[in-house]
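Heads up, the thing below is written out as structure tokens.
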Amino acid sequence: MNINHLNGGQKLAVKYYIVAMVLFGAQILFGLLSGMQYLYPKLLFGILDFNVTRTVHINAMIVWMLYGFIGSVYWLLEEESETEVVGLKLGTLGFWVLTSAVTVVVLVFLLVQGGPGDDFTRWFINEGREYIEAPRWADIGIVVCMLIFFYNVSATFMKGKWSGISGVLTLDLVALAGIYIAGMFYTPNISMDQYWWWWVIHLWVEATWEVLVGCLMAWGLMKVLKVDRKIVTTWLYIEVALMFGSGILGLGHHYFWIGTPEYWLTIGGFFSALEPVPLVAMVVHAVYDSGVRHMKGNNNPALAWLIAHAFGNFFGAGVWGFMHTLPQINLYTHGTQWSASHGHLAFFGAYATIIIAMIYIAVPYIRGQEGIGSNLPDGGWKWKWALGLLNMGVVGMTIALLISGYEQSFIERAVGGSTWLGYFTAQIHPWFVQGMEWRMIFGVMTAAGIVLLLWDLLTIGKEPASNQKLQTKSS
Amino acid sequence: MNNITPWWSSESYWKKMAIWVTAFMFIVLIGLTIDTIPQITAGSERVPAYSVINKHIGYEFNDERNIQVPVIGAEDPLFGKVLSEEEAEALVSHGKKITQGRNCMGCHTLLGNGSYFAPDLTKAWLDPGWSSEPERENLMIEFLMDPIANARSFGSDRMMPNLDISRDEAKAVIAFLKWMSSIDTNGFPYNFTVIDKES
Ligand code: HEM
Ligand code: HEM
Ligand SMILES: [Fe+2]
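Read top to bottom, the protein sequences are chains W and H. Under the working numbering, the residue at position 305 of the first sequence is numbered 305, and the numbers go up by one with no gaps. Numbers in the working numbering are just positions in the second sequence, counted from 1, shifted up by 1000.
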């Protein structure tokens, strides 16, 4: 791939994007394995047990999304700051360090898997806390690489020029990196452990990540639809006010049942119930801008994925989150397939979509083209089918999981009283098993979508678009 | 021209709004955290001291709160051995480190958080599946040391893998589970049936 015509930040972004997409593929592969283990518990039993396949599934997701975000920011950095990236060499070094660390962590997860209950295990093998299973040495490595990244972003904007988007972005990155540190300590007290663990998980996905993708969305709408900067910036501030205004105390919806005082039932229920508001606002914003411009942009796949993001975020986080966020409901749904249903639609709808959109924004530049219009030689069937299969696949999985979740919350929770027997009574119920089967069917659809997506990203725009062909012929 | 932006849609208004709202919410969160931390520190009313493993633990319906709450009863030392506060903390801590090192959360939920492939462990100590209180400790040790031979997955074919847990490790894990079952979780799990007192 010849990318010498790109600017420094963009070249680095391409590296991040490539690793992101490889890890996306790995995420799906291990997701398929975990899902199959629900139906065939003997599959890889004793070799790659469920806790191994699932850990790789969700960690690959977190890491590829971080790569996607870092890549996106490097992509827009020089354009937005109107100057060259300050520490490009350092940034490239950071990329290789991070990528080596990730490789080692994944290999250790797969090959060593676990260890005795001592500090060595937590430092070098597995920390055993969902989403942040990465051992402590890797946490420190991640923080160092994030600091390099943060230095590059802030110093470049400082040297070049600031804008509303870059200001929000930079402050948000401070918060994002700072919050990660809340997860980096050991305590025997499980209540204390989960109190801070949720700072990392919730204040990432429902506060700092949301604002980060708000910045990307603002920039993407400007890029793809040529929306006025003043308008997107004002919207971004509204977003920040509404998102942090609800999401920070919305943290309380994870403090209902972990030993924390009863006032969290009220605070968590109230503020998290407001979290959908900014997500509705975003849908209005995106749909309005697209309508005003009659859906005419210079990059059709990117625009489609930006709109998928607006709706996915609204449904996955806003609607699916709201459905179980009140304590009166959460008492029965907490830690059931409801959570898995919401987790899939939210992470895919809010984050996978926008990173894919950002990559599509980059693709024509990488290939030295003007944009991706409707004049693709093959009619663009690959990106259209990838879009359809991925979205239908994930929505299908979400609904299947929700049906299993309903059954589980009634039979295990309400009737069975959450005992061991109650749990298995629900798990072997035909309604539950059918949900798991349908999840696999839609999982395969999702996987087919990924294959097409990767194929499309590797090839789209390589052949000149049809009208360009005509032009060259006639000239 | 009359395109002067009204205050409610001006950029500078929302910029200030964003900053003030964020700062305010963050400060409130810090305040609440300062209030919550002592209440979830081990040795508090809601999260008992680790030496609670020396006591009998129940989970009974409380009419006033209208939920089940943990009830700490008479002396009932784990494995028949009364531990000091330090010994109890060391044992529970070892148990928790084992659950982290073996990635139990990769299949189970603890306090309802984790994975959904295996039963919730919040009140595992009180589960009627352990037959009865006199038999419980032994059954738990046997299960953890050889979960395949002692599988109790009710025809689902799902089994816990053998995680090479030694007898001492099993005891530490059980201490951790017993301590966890004493945490006041605001009635989660709801409608839970507690293990029989006698065989
Ligand atoms: C893009 C944003 C979001 C993402 C990526 C996301 C993702 C997730 C995930 C993965 C979990 C499961 C955590 C676990 O493994 O234990 C979860 C839990 C939860 N989420 Fe979200 N979420 C988002 C936004 C929201 C919003 C806006 C709401 C509320 C309106 C919400 C409500 C909840 C609740 C109540 C739980 C707890 C479920 C339980 O009790 O088991 N989420 N979220
Ligand atoms: C082929 C498609 C997929 C399959 C078969 C699949 C399967 C699974 C399975 C079996 C689990 C474990 C749930 C449990 O503990 O019971 C899981 C968890 C999870 N997956 Fe997937 N997955 C797929 C795709 C995705 C995608 C595309 C995303 C997001 C971009 C995603 C995000 C997650 C998250 C966030 C969790 C943790 C949920 C929670 O703890 O509540 N998965 N997945
Ligand atoms: Fe949350």
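Ideal Cβ placement from N, Cα and C applies to all residues, glycine included. These figures come from a predicted structure and were not determined experimentally.
query: Please report the distance separating the alpha-carbon of Asp118(W) from that of Asn7(W).; result: 47 Å
query: Mapping the DSSP letters down to three states, classify Leu470(W) as helix, strand or coil.; result: Annotation note: pLDDT 41 at Leu470(W) (below 50); position unreliable, coordinate value reported separately. Here Leu470(W) sits in helix by DSSP.
query: For chain H, find out if any of its Cβ atoms is closer than 8 Å to the Cβ of Arg129(W); answer yes or no.; result: yes
query: Beta-carbon of Gly1106(H) versus every beta-carbon of chain W: anything under 8 Å?; result: yes
query: Is DSSP giving Phe1061(H) helix, strand or coil here?; result: strand
query: Using a Cβ-Cβ cutoff of less than 8 Å, which residues in the same chain neighbour Glu1135(H) once the five nearest sequence positions on both sides are dropped?; result: Ser1199
query: Hey, is Gly250(W) close to ligand 3, as in C-beta under 7 Å from one of its heavy atoms?; result: yes
query: Measuring straight from C-alpha to C-alpha, what distance separates Glu127(W) and Thr1033(H)?; result: 24 Å
query: Exposed or buried, Ser404(W), counting other C-beta atoms within 10 Å across all chains shown (16 or more means buried)?; result: buried
query: What is the DSSP secondary structure of Met1001(H), counted as helix, strand or coil?; result: Bear in mind that the predicted position of Met1001(H) carries a pLDDT of just 44, short of 50, making it unreliable; the figure below should be weighed with that in mind. If DSSP states are grouped into helix, strand and coil, Met1001(H) belongs with coil.
query: Which term fits Gly368(W), buried or exposed, when burial requires 16 or more other beta carbons within 10 angstroms of its beta carbon?; result: exposed
query: What's the C-alpha gap between Phe347(W) and Gly316(W)?; result: 8 Å
query: Hey, does Pro1147(H) have any beta-carbon neighbour from chain W nearer than 8 Å?; result: no
query: My assumption, with CB atoms under 8 Å, is that Gly68(W) sits in contact with Leu12(W). Please give the rounded CB distance.; result: That belief does not hold up - the Cβ atoms of Gly68(W) and Leu12(W) are roughly 13 Å apart, past 8 Å.
query: Within 7 Å: the Cβ of Leu32(W) and any heavy atom of ligand 2?; result: yes
query: Below 7 Å CB to CB, which residues in the same chain sit around Leu173(W) once its five sequence neighbours on both sides are set aside?; result: Phe150 and Val153
query: Is there contact between the stretch 1077-1085 of chain H and the stretch 1168-1178 of chain H, where contact requires at least three CB pairs shorter than 8 Å?; result: yes
query: Looking at chain H, is there any beta carbon in it that lies within less than 8 Å of the beta carbon of Leu176(W)?; result: no
query: If Thr508(W) sits next to Ala281(W), beta carbons under 8 Å apart, how far is it from one beta carbon to the other, in whole angstroms?; result: Absent from the model: residue 508(W). The displayed extent of chain W is 1 to 475, so no value can be given.
query: How is Glu463(W) classed by DSSP in three states: helix, strand or coil?; result: coil
query: I'd like to confirm something about Ser409(W): is its beta-carbon nearer than 7 Å to some heavy atom of ligand 1, or not?; result: no
query: To which residues of the same chain is Phe1192(H) closer than 8 Å at the C-beta, ignoring the five residues directly before and after it?; result: Tyr1059, Gln1068, Lys1123 and Leu1126
query: Which residues, taken in chain order from the stretch 23-52 of chain W, show a beta carbon closer than 9 Å to some beta carbon of chain H?; result: Ser34, Gln37, Tyr38, Tyr40, Pro41, Lys42, Phe45, Gly46, Asp49, Phe50, Asn51 and Val52
query: Roughly how far, in whole angstroms, is the beta-carbon of Gly476(W) from the beta-carbon of Ala155(W), given that I think they are within contact range, below 8 Å?; result: Residue numbering for chain W in the displayed model covers 1 to 475; residue 476(W) lies beyond these limits and cannot be assessed.
query: On the three-state DSSP scale, how would you describe Trp1008(H)?; result: helix
query: For the putative contact between Ala447(W) and Ile28(W), defined by C-beta atoms under 8 Å, what is the C-beta separation to the nearest angstrom?; result: 5 Å
query: Starting from Arg1046(H), find everything on chain W with Cβ-Cβ shorter than 9 Å and list it in chain order.; result: Ser191, Gly259, Thr260 and Pro261
query: If you draw a straight line from the C-alpha of Asn1186(H) to the C-alpha of Ser1132(H), how long is it?; result: 25 Å
query: Could you name each continuous alpha helix (DSSP H) segment of 4 residues or more that falls completely within the stretch 389-450 of chain W, going from the start of the chain to the end?; result: 420-427
query: With 16 as the cutoff for other CB atoms within 10 Å, does Trp64(W) come out buried or exposed?; result: buried
query: Using a C-beta cutoff of 8 Å, does Gly501(W) count as contacting chain H?; result: For residue 501(W) there is no data in the structure shown, the boundaries of chain W being 1 and 475.
query: Is there a Cβ from chain W that is less than 8 Å from the Cβ of Phe1079(H)?; result: no
query: With three or more C-beta pairs closer than 8 Å as the rule, is the stretch 338-355 of chain W touching the stretch 412-427 of chain W?; result: no
query: Is Val1092(H) close to chain W? Criterion is C-beta to C-beta, closer than 8 Å.; result: yes
query: For Val112(W), count neighbouring C-beta atoms within 10 Å of its own C-beta (all shown protein chains included) and say buried if the count is 16 or more, exposed if not.; result: exposed
query: What is the chain-ordered set of residues for which the beta carbon lies under 5 Å from any non-hydrogen atom of ligand 3?; result: His202(W) and Glu206(W)
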